[in-house]
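Numbering (this note's numbering), first residue to last: 2 to 97. Here a beta-carbon is modelled for each residue, glycine too, at the ideal position from N, C-alpha and C. Computed from a predicted model, the values in this text were never measured in an experiment.
Take a look at the structure:
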């Protein structure tokens, strides 16, 4: 018995605005059922002494310290701007 129906596959495809044929829906239902079956094998593992983690690898911040430094002079930054006003970049309005 399949854990995912062809109607569910068609519904998800419709939500994703994908046009799929009946044959493709049947194929995807079988593939998704195989994926679910494989994922269910993880329930058989003994994870009693395994601490919860958000990543499988030890993650740490490898970025340098954020040290504030003076920026470029405003005149130098704006000298190549195609349009400027009151010391700021002037861009076309995108919202009404």
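Round the Cβ separation of residue 29 and residue 10 to the nearest angstrom and send it over; I've been treating them as touching at under 8 Å.
Translated into the one-based positions of the chain shown, residue 29 becomes position 28. Translated into the one-based positions of the chain shown, residue 10 becomes position 9. Residue 29 to residue 10, Cβ: 5 Å. Contact.
Which residue comes first and which comes last in the alpha helix (DSSP H) that contains residue 87?
For the purposes of this step, residue 87 is taken as residue 86 along the chain shown, with counting starting at 1. Note, residue 87: premise wrong, no alpha helix (DSSP H); not H, not E.
Checking 8 Å against the spacing of the C-beta atoms, do residue 1 and residue 7 come in under that value?
As displayed, the chain neither begins before 2 nor continues past 97, which places residue 1 out of reach and without an answer.
In whole angstroms, what is the alpha-carbon distance linking residue 81 and residue 71?
Your numbering for residue 81 matches position 80 in the chain shown. Your numbering for residue 71 matches position 70 in the chain shown. The straight-line gap from Cα to Cα measures roughly 20 Å.
When you compare the CB positions of residue 75 and residue 84, do they come within less than 8 Å of one another, or not?
Counting from one through the chain shown, the residue named residue 75 turns up at place 74. Counting from one through the chain shown, the residue named residue 84 turns up at place 83. Between residue 75 and residue 84, the C-beta spacing is not below 8 Å.
When the Cα atoms are used, what is the spatial distance from residue 88 to residue 73?
As a working mapping, residue 88 is identified with position 87 in the chain shown. As a working mapping, residue 73 is identified with position 72 in the chain shown. Cα to Cα, residue 88 sits roughly 13 Å from residue 73.
Assign residue 66 to one of three DSSP states: helix, strand, or coil.
Against the chain shown, residue 66 aligns to sequence position 65. Of the three classes helix, strand and coil, the one that applies to residue 66 here is coil, per DSSP.
Within 10 angstroms of its Cβ, does residue 17 collect 16 or more other Cβ (buried), or is it exposed?
Residue 17 sits at position 16 when you count from the first residue of the chain shown. Its Cβ having fewer than 16 others within 10 Å, residue 17 is exposed.
Using alpha carbons as the reference points, say which of 14, 57 and 94 lies closest to residue 26.
Walking along the chain shown from the start, residue 26 turns up at place 25. Among 14, 57 and 94, the Cα nearest to that of residue 26 belongs to 14.
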